[in-house]
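Shown next, in structure tokens, is the structure this report addresses.
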Amino acid sequence: MGDTLKIVVLVKHVPDAQFDRHIGPDRTLERSESILSELDEYALEAALQLSEARGGEKAGNQVIALTMGTPDAANALKKALQIGASSGVHVTDEALAASDAWATSLVLAAALREIGDIDLVLAGMASTDGETSLVPAQLAERLGLPQLTFASSLEIEGRTAVIRRDGGTTSDTVEADLPAVVSVTDQINEPRYPNFKGILAAKKKKIATFSLADLGLDAGQTGSAGALTRVEQAEPRPARTAGTIITDEGDAGMKLVDFLAAQKLV
Amino acid sequence: MTSTLVYLDVIPAEGLGKPQLELLAAGRILGPISAAVVTQPSDAVVRELGEHGVETVYTPGDADLSGYLVAPQAAWLAAVASAAQPGAVVLDNSFEGKEIAGRLGVRLDAGVITDVVALEGDGTAHKTVLAGSYEVSAKVTSPVAVFAVKPGAAEAAPAPVAASPAVKAIEVPEGAFARAARITARTDRPRSGRPELTEAAIVVAGGRGTDGDFGPIEDLADALGAAVGASRAATDAGWISHDFQVGQTGKTVSPQLYISAGISGAIQQKAGMQTAKVIVAVNSDPESPVFEIADFGVVGDLFKVLPQATEEIKRRRA
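Residue numbers (this note's numbering), protein chains in the order written: chain Z, 154 to 419; chain C, 3 to 320.
Structural data, given as structure tokens:
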């Protein structure tokens, strides 16, 4: 096989979207019940497949999981290691709390420079909490790298990455030379689950921890102090309540249309 | 009032589309507007831009940005912003719009707010987060604000006072193409003739309960002039293309009416529909969580209920 790859996968520890999620009185997200963001598993799977096709870790390929966040965010890294990442990097600092995309991409760009010699940065199409999809584009801008985003397929041919990107009206083939930033959709693959062997192996894998000072950043540049956006108000939408429920007795289709007519919807 | 630069992607040959006119209207909420248009506009389009309040039209001259993914567009828009000195930049909320917004934010040290559903004159942006479960208002704290705005955030309408815009070419900065990703092939995706899912006033969506037969869903959608949607279970089963998926990892829709058929309504499925004004649910299982949020629910077989409703709508319209 050809050259080896050093791939960094961005992973985020987010509140589980299977449960109700809440914004606290300080207008930041309550992060209990958090897990590895489901959409990041597709990026990790894509990285593992690229690595394995080149002989995996034994042949010198690396899949490094990178996260920033509270000490708890290490749980997202541990899950990534159990699934198959070779090592983890955790940027953690109290001053990171309430970072927006601008501040997040500043910190992650510094961490990626610190890791160094990266061929590919892989991310999910969005985090399932903020859902802005801004960070991969902002990282590409900060690092001066090409961006290949919303990939529904990804191949590396020599030193060129080729993706398919399905937009609203067209499907595009897009390519760029490595190193590059790639984000992937949930259509790219079927993520694997951690198995027993993976869970045991993960205990021996290393997680490096960086503070902001380690990355040459200061507290004023990140978190709520460095964010360039501010949430003024956050209100839960009023809970929807059940309306009329009927059981079909042969005429429910007519009654449905009566309801729509009463609502002036037909 | 903040002078605002509105970014417009390629303008269709027949003139500005409704989403582009809505963007101009959204920009006018913040103050006087200028427009950055990635392709050379015809005289008729320049006149139309003027009718919608655009005071200056910026173009990239002869440069063709269409073969590249967002990086040169962002570099050019940053160059336009340094000439126009706006207090805010407004873009559409497509993949490209958000990504250009993100890169522009880095270049201008500007805060970016995406998924904006409404703007106020003081720069307050409204959006829904956590899959429609919270409504948030947010502000940008940097001198320049960047907003990616969803369709329908402002009503397309001519400006109270028309302008006669000056057209100014701003060069694409040198090196903007060097590290950009190249689009090497482009194929049109099949079109259904139905309204776009994210913009439709009515959505009829099917799930596991269709058993792969979307016929009744499509027939009802066509009778109502609605878009077709699908739950993840239905797209994962390969019954319908992923483009139709509504929900956490698909599209969040905010139509007037959402008709859910054969969808149980687990939290991730509710997420895509809960900002709809009216929800109708048809499901054979009376215990389905979807009935907890439905304004009108039918416990029944969608293969009987939907065709009957479709026929009744056609009969009343005849």
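Using N, Cα and C, we set each Cβ at its ideal position, and we do this for glycine too. Because the structure is a prediction, the values reported are computed rather than measured.
Is residue i helix, strand or coil by DSSP?
| i | result |
| --- | --- |
| C/Q323 | The shown model of chain C, from 3 to 320, leaves out residue 323 of chain C, and the question about it has no answer. |
| Z/T257 | helix |
| C/Q22 | helix |
| C/F216 | coil |
| Z/G269 | coil |
| C/S52 | Here residue 52 of chain C is Gly; the residue named in the question, Ser, does not match the sequence. Helix at C/G52. |
| Z/Q416 | coil |
| C/A364 | An answer regarding residue 364 of chain C cannot be provided, because it is not within the stretch 3 to 320 covered by chain C. |
| Z/I160 | strand |
| C/G211 | helix |
| Z/Q340 | coil |
| C/Q42 | coil |
| Z/M221 | strand |
| C/F179 | coil |
| C/K141 | strand |
| C/A273 | helix |
| C/E198 | coil |
| C/G249 | coil |
| C/H128 | strand |
| Z/V334 | strand |
| Z/L203 | helix |
Return yes when at least one heavy atom of the ligand COA lies under 7 Å from the C-beta of residue i, else no.
| i | result |
| --- | --- |
| Z/V419 | For the ligand COA, the structure offers nothing, since it holds no ligand at all. |
Would you say residue i lies against chain C (beta-carbon separation less than 8 Å)?
| i | result |
| --- | --- |
| Z/R266 | no |
| Z/A170 | yes |
| Z/L298 | yes |
| Z/I176 | yes |
| Z/Q374 | no |
| Z/R345 | no |
| Z/L368 | no |
| Z/G311 | no |
| Z/D179 | no |
| Z/M407 | yes |
For the beta strand (DSSP E) containing residue i, list its first residue and its last residue.
| i | result |
| --- | --- |
| C/L106 | Segment 97–110 is the alpha helix (DSSP H) holding C/L106; no beta strand (DSSP E) there. |
| C/V118 | 113–118 |
| C/I315 | Where C/I315 is concerned, there is no enclosing beta strand (DSSP E), although the alpha helix (DSSP H) it sits in stretches over 304–319. |
| Z/P389 | 382–389 |
| Z/L189 | 187–189 |
| Z/L301 | 300–310 |
| C/S262 | 259–263 |
Thinking residue i and residue j are a contact (beta carbons under 8 Å), I'd like their distance in whole angstroms, please.
| i | j | result |
| --- | --- | --- |
| C/Q276 | Z/R393 | 6 Å |
| C/V118 | C/G107 | No, C/V118 and C/G107 are not in contact; Cβ-Cβ is about 14 Å, not under 8 Å. |
| C/V56 | C/L26 | 7 Å |
| C/A296 | Z/G396 | 6 Å |
| Z/L418 | C/Q310 | Between C/Q310 and Z/L418 the Cβ distance is about 17 Å, and since that is not below 8 Å, they are no contact. |
| C/A229 | C/A202 | 4 Å |
| C/V300 | Z/I399 | 6 Å |
| Z/L287 | Z/V274 | That pair is no contact at about 14 Å. |
| Z/S280 | Z/K165 | 5 Å |
| Z/R184 | Z/D225 | 7 Å |
Determine, using beta carbons only, whether residue i comes closer than 8 Å to chain Z.
| i | result |
| --- | --- |
| C/H244 | yes |
| C/Q87 | no |
| C/T259 | One detail in the question is off: residue 259 of chain C reads as Leu in this sequence, not Thr. So yes, C/L259 belongs to the interface. |
| C/E16 | no |
| C/K100 | yes |
| C/Y9 | no |
| C/K152 | no |
| C/Y60 | no |
| C/I295 | yes |
| C/E314 | yes |
| C/Q22 | no |
| C/I269 | yes |
| C/R49 | no |
Hey, quick one: how far does the alpha helix (DSSP H) through residue i stretch, first residue to last?
| i | result |
| --- | --- |
| Z/G351 | 349–355 |
| Z/Y346 | Where Z/Y346 is concerned, there is no enclosing alpha helix (DSSP H), given that its DSSP letter is neither H nor E. |
| C/D238 | 234–238 |
Check whether the stretch 73–88 of chain C touches the stretch 191–205 of chain C, counting contact only when three or more Cβ pairs, one atom from each stretch, lie closer than 8 Å.
no
Should the stretch 262–272 of chain C be called in touch with the stretch 367–378 of chain Z, which here means at least 3 C-beta pairs below 8 Å?
no
Would you be able to state if there are at least three C-beta pairs under 8 Å between the stretch 100–114 of chain C and the stretch 232–246 of chain Z?
no
Using 8 Å as the threshold, is the stretch 6–16 of chain C in touch with the stretch 124–143 of chain C, meaning 3 or more CB pairs across them?
no
Quick one: any contact between the stretch 354–366 of chain Z and the stretch 206–225 of chain C, if contact means 3 or more CB pairs under 8 Å?
no
Answer yes if the stretch 208–219 of chain C comes into contact with the stretch 321–341 of chain Z, meaning at least three C-beta pairs across the two stretches below 8 Å, and no otherwise.
no
Is the stretch 263–274 of chain Z touching the stretch 199–219 of chain Z in the sense that three or more CB pairs, one from each, lie closer than 8 Å?
yes
Taking one C-beta from the stretch 245–257 of chain Z and one from the stretch 190–201 of chain Z each time, how about it: are there three or more such pairs within less than 8 Å?
no
Using 8 Å as the Cβ pair cut-off and three pairs as the minimum, do the stretch 303–318 of chain Z and the stretch 334–346 of chain Z touch?
yes
contact_flag[the stretch 341–349 of chain Z, the stretch 231–239 of chain Z] where n(CB pairs < 8 Å) is 3 or more
yes
When the Cβ atoms of the stretch 143–160 of chain C are set against those of the stretch 19–34 of chain C, are three or more pairs found closer than 8 Å?
yes
Do the stretch 314–325 of chain Z and the stretch 119–137 of chain C touch if we need at least three Cβ pairs shorter than 8 Å?
no
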